[in-house]
Amino acid sequence: MAVQTSGDAPDNGGAAAIPPAAVPPPFRPGLEGVPATQSAICSIDGNQGLLTYRGYPLEQLAQNSSFLETAYLLIWGELPTIFQLRDFEHDVQMHRRVSFRIRDMMKCFPASGHPMDALQASAASLGLFYSRRALYDPQYIIDAVVRLIAKIPTMVAAFQLIRKGQDPIQPREDLPYAANFLYMLTEREPDALAARIFDACLILHAEHSLNASTFSARVTASTLTDPYAVVASAVGTLAGPLHGGANEDVLDMLDEIGSVEGVDSWLDRAISQKQKIMGFGHREYRVKDPRAVILQGLAEELFQRFGHDSMYDVARRLEAVAADRLGPKGIYPNVDFYSGLVYRKLGIPRDLFTPIFAIARTAGWLAHWREQLGANRIYRPSQIYTGSVERAWVPLDQRPAAT
Ligand code: CMC
Numbered sequence: 013m014a015v016q017t018s019g020d021a022p023d024n025g026g027a028a029a030i031p032p033a034a035v036p037p038p039f040r041p042g043l044e045g046v047p048a049t050q051s052a053i054c055s056i057d058g059n060q061g062l063l064t065y066r067g068y069p070l071e072q073l074a075q076n077s078s079f080l081e082t083a084y085l086l087i088w089g090e091l092p093t094i095f096q097l098r099d100f101e102h103d104v105q106m107h108r109r110v111s112f113r114i115r116d117m118m119k120c121f122p123a124s125g126h127p128m129d130a131l132q133a134s135a136a137s138l139g140l141f142y143s144r145r146a147l148y149d150p151q152y153i154i155d156a157v158v159r160l161i162a163k164i165p166t167m168v169a170a171f172q173l174i175r176k177g178q179d180p181i182q183p184r185e186d187l188p189y190a191a192n193f194l195y196m197l198t199e200r201e202p203d204a205l206a207a208r209i210f211d212a213c214l215i216l217h218a219e220h221s222l223n224a225s226t227f228s229a230r231v232t233a234s235t236l237t238d239p240y241a242v243v244a245s246a247v248g249t250l251a252g253p254l255h256g257g258a259n260e261d262v263l264d265m266l267d268e269i270g271s272v273e274g275v276d277s278w279l280d281r282a283i284s285q286k287q288k289i290m291g292f293g294h295r296e297y298r299v300k301d302p303r304a305v306i307l308q309g310l311a312e313e314l315f316q317r318f319g320h321d322s323m324y325d326v327a328r329r330l331e332a333v334a335a336d337r338l339g340p341k342g343i344y345p346n347v348d349f350y351s352g353l354v355y356r357k358l359g360i361p362r363d364l365f366t367p368i369f370a371i372a373r374t375a376g377w378l379a380h381w382r383e384q385l386g387a388n389r390i391y392r393p394s395q396i397y398t399g400s401v402e403r404a405w406v407p408l409d410q411r412p413a414a415t
C-alpha cells in the first residue's frame, strides 16, 4: 500500500508532486478589461479621447496623411520614405483588378444579399486563387498585404454594380486609392474634395486596437491559416450591429426620429425602453470618440460645399440631448454616429457603409496579422462550465414524450 506522504496530497505513485491548480481569474463577460495580447499598433486613452496609430495622433494623420501611407505605417510600423510610399502605391495600383472568375462568382450571389456577406465570401475566395501559404516568407507577406489592400475595394464596388444588374467597371490605375474606389462605385471621377474627405474617412477607420473584428482576425491568424481567411473572418465579425454595422443603423434611427422637434420625446422613449442608441457608447471611451469629432468636422465641410443635410440637425440635437441623459454614464457618440452622414452626402448607399469600414480596417487587421505571427501562440482561452453534471445516456424509447 502506498504511503501518503503529506496532508491531503493524492497518491501519484511516487512521481513528482502535482502543482496545485491555479485559481482561475474572475469571469469578465465580453473580456472587459482583460488584456488578450500585447500590441504596438494603436493606443487609446478613453478618458481623454486620444487615439494614436504607432504613436502618431490620429488628428495629424487625418489632416496630413493618405490612407495608403497610414496603412503602410500601421502594417510596417514606420512612416514610409518617399520611395517606399511610391512603391507601395504602385504595387497596390497594379493589383486592383480581381479575377473574372471572382466577378463571375459574385454574379451568382443573390442581389438582395447584404454587401458584407458578399465581401466576406469574396475575401475568403482569394485564398483559393492564391493558395500558396508561406507565412514566414517576407515576400509572401508583402504580396498578401498588397493584394488585400488593393482588391477589397474592387470587390465592394463590383458587387454594388453587379447587384444593380450591371457589369463591374475596371479600376483606373491613374486615380489615387480613394478616388478610384468612388469612381468604381459611381462610374464618375469624383470631385477632389469628396475624394480627400473619403480618404480621411478611411484613415479614421483603419485601426482601433483589439476591437471584436481585430480580435477575431488575431484568433484566426493564431492558427497559422492564410491571411485571406484572417480578413474574411474579421469581415464577418465587423458586420454585426454592435460593431461596424452600427453606422447603417444610425441613419435608420435618424430617419425614424424624423425631425429636430421629435428628438427629445424619441430619446425619452428609447431610454425608458432600455433601447441602445445606435452610434453611442464604446467599451474604450468615456468621452466623445475622437473619430466622431473629426468626422463631424468632415461632414460640415461637405455640407458647406455640397449643401446642408437636415438629418445633421437631428443628429446634433440627439447628441446634445443625449449628453444630459447618457453623458453621466460616459456614453457619447462613437465613430459610427457621424460617418453615415458623410457617406450619405457622398451619395453612397446605406448598406455599403460597413463594407467601406471593412476596406479601411483591412489595414489594421493586416497589421495585427503580422504582429500576431511575430510572437504567435494559438488563442485557447478557458471557460467556466455551467452545464449538467455527468449524466447517463437514455435510449430513445425511454425518454419522456415532448409536452
Ligand atoms: N445607448 C444606450 N445605453 C447604452 C448604450 C447606447 N448606445 N451603450 C451602452 N449603454 C448602456 C447599457 O445599456 C449599459 O447600461 P446598464 O449598465 O444600465 O445596463 C451600459 O451602458 C453598459 O453597456 P454595455 O452594452 O454593457 O457596454 P459594452 O461596452 O458591452 O458595449 C457597445 C459597447 C458599443 C456595444 C455599446 O455601447 C452599444 O451597443 N452601442 C450601440 C451600438 C454601436 O454604436 N456600436 C458601434 C460601436 S463603435 C464602432 C465599432 O466598434 O464598430
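Start counting the sequence shown at 13; every next residue gets the next number (our numbering). Built from N, CA and C at the ideal position, the CB exists for glycine as well.
Per the Cβ contact rule, the stretch 299 to 308 is not in contact with the stretch 241 to 261 (fewer than 3 Cβ pairs under 8 Å). DSSP places Ile56 inside the beta strand (DSSP E), whose first and last residues are 54 to 57.
Going by DSSP, Leu131 is part of the alpha helix (DSSP H) stretching over 127 to 141. When the beta-carbon positions are compared, Leu86 and Ala379 come within less than 7 Å of each other.
According to the DSSP secondary-structure assignment, Pro69 is paired through a beta bridge with Thr64. Going by C-alpha positions, Tyr68 is about 33 Å away from Ser134.
Taking C-beta separations shorter than 6 Å and ignoring five residues to either side along the sequence, the partners of Glu331 in its chain run Pro345, following chain order. When the Cα atoms are used, Ala29 and Pro36 turn out to be separated by approximately 20 Å. In the displayed model, Pro393 falls within coil according to three-state DSSP, outside both helix and strand. Rounded to the nearest angstrom, the Cβ distance from Thr82 to Ile215 is 5 Å, consistent with a contact under 8 Å. For Phe292, the secondary structure class from DSSP, reduced to helix, strand or coil, is strand. In the structure shown, the three-state DSSP call for Pro345 is strand. Residues Val333 of the same chain have their beta carbon placed closer than 6 Å to that of Asp276, with the five preceding and five following residues left out of the count. A direct Cα-Cα distance of roughly 15 Å separates Ser111 from Leu131.
In the three-state reduction of the DSSP assignment, Leu216 falls in the helix class, which pools H, G and I. Between Val168 and Ile283, the alpha-carbon positions lie close to 36 Å from each other.
Annotation for Tyr152: the continuous alpha helix (DSSP H) segment containing it runs 150 to 175.
With a threshold of 16 other beta carbon atoms within 10 Å, His294 meets it and is buried. Just so you know, the alpha carbons of Asp203 and Ser137 end up roughly 33 Å apart.
Distance between Glu90 and Ala244, taken at the CA atoms: about 26 Å. Proximity of the stretch 160 to 175 to the stretch 101 to 110 meets the contact definition, three or more beta-carbon pairs being nearer than 8 Å.
Residues of the same chain with a CB within less than 6 Å of the CB of Ile343, apart from the 5 flanking positions on each side, are Phe292, Gly293 in chain order.
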